[in-house]
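Below: the structure, in structure tokens.
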Amino acid sequence: MLSRLKLRDFRCFAALEVEFSGAETIFAGANAQGKTSLLEAICVLLRLQSPRVAALAHAVRHEARGFVVDGLFDNRRLQFYFGRERKKMALDGVEQRTSKPWLEIARVVYFSNQDIDIVRGAAEHRRRFMDFLGAQLLPRYRTHLRNYERALRSRNRLLKTGLSARRQVAAFTEPLVESGTQLMEARASLLA
43 MLSRLKLRDF RCFAALEVEF SGAETIFAGA NAQGKTSLLE AICVLLRLQS PRVAALAHAV
103 RHEARGFVVD GLFDNRRLQF YFGRERKKMA LDGVEQRTSK PWLEIARVVY FSNQDIDIVR
163 GAAEHRRRFM DFLGAQLLPR YRTHLRNYER ALRSRNRLLK TGLSARRQVA AFTEPLVESG
223 TQLMEARASL LA
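Per my numbering, the sequence shown runs over residues 43 to 234.
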């Protein structure tokens, strides 16, 4: 259970500290006061990703260089700094080189008004939802996703230069197909 959350320069919050007690917490307030941003910050703290935006840079408060989310989850201290040039994670005061131990601590379910787009909107909304779930539920999902995205970005970058030879572009076909197939199979198992 999340028992404490501290924010600095996250969305509309210059600084905020919240203590949670009990099994349920309700946020109430007028529009545009930060209720959704607070929930987003919890997702960022526990999953290192936002359910609202693909790039965490969009969550940095206007004119700030980066944000900090810090909290206690089951007596584990999680500290995450995200800046435009770097990011830093510390778990129980120890800086982490990879996100693996961090992501094994907690799971998050997040639904919002915009989630109607999962049903009505473009396919990208469904993929993003599946990726958010898959990264939490399937051990190798995040690796498959990152490998696919890396191969796709590299291949597309070559194509955009206009100078790329067919062999250079073709070199990305195998990793793209392999990781794409693994990702498709993982998504199919999630749906089942």
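Virtual Cβ for every residue (Gly too), placed ideally from N, Cα, C.
>> Closest to Leu180 by C-alpha separation, out of Ala207, Gly76, Glu227, would be which residue?
In response: Taking only the C-alpha atoms, the option nearest Leu180 is Glu227.
>> Is the beta carbon of Ser141 closer than 8 Å to that of Leu90?
In response: yes
> By a C-beta neighbour count over all protein chains shown, 10 Å radius and 16 as the cutoff for buried, is Ala212 buried or exposed?
Replying inline: exposed
>> Between which residues of its own chain and Ser221 is the CB-CB distance below 7 Å, once the five residues before and five after are set aside?
In response: His186, Asn189, Tyr190, Ala193
> Hey, quick one: how far does the alpha helix (DSSP H) through Glu166 stretch, first residue to last?
Replying inline: Start and end: 165-179.
>> Quick check: what's the CA-CA separation for Pro13 versus Phe171?
In response: As shown, the chain starts at 43 and ends at 234. That puts residue 13 outside it, with no answer to give.
> What are the complete alpha helix (DSSP H) segments, minimum 4 residues, inside the segment 72-124?
Replying inline: Listed in chain order, they are 77-89.
>> Please list the terminal residues of the continuous alpha helix (DSSP H) segment that includes Glu216.
In response: 215-233 is the extent of the alpha helix (DSSP H) around Glu216.
> Is it the case that the Cβ atoms of Arg46 and Leu114 are separated by a distance below 8 Å?
Replying inline: yes
>> Taking the straight line between their C-alpha atoms, what separation do you get for Arg209 and Leu80?
In response: 48 Å
>> Per the DSSP calculation, Phe52 is bridged to which residue(s)?
In response: Phe55, Val102
>> Classify Gly108: buried if its beta carbon has 16 or more other beta carbons within 10 angstroms, exposed otherwise.
In response: buried
>> So, for Phe69: in the same chain, excluding its five sequence neighbours on each side, which residues have a beta-carbon less than 8 Å away from its beta-carbon?
In response: Lys77, Leu80, Leu81
>> Tell me the residue span of the alpha helix (DSSP H) that contains Ala193.
In response: 183-203
> For Ala212, which of helix, strand or coil comes out of DSSP?
Replying inline: Assigned with DSSP and collapsed to three states, Ala212 falls in helix.
>> Let me confirm a value: Arg197 is counted as buried when at least 16 other C-beta atoms fall within 10 Å, else exposed. Which label applies?
In response: buried
>> If you reduce the DSSP assignment to three classes, tell me which class Arg162 lands in.
In response: helix
>> With the cut-off set at 8 Å, would you say Arg103 and Phe55 are in Cβ contact?
In response: yes
> Per DSSP, Val136 is paired with what?
Replying inline: Leu133
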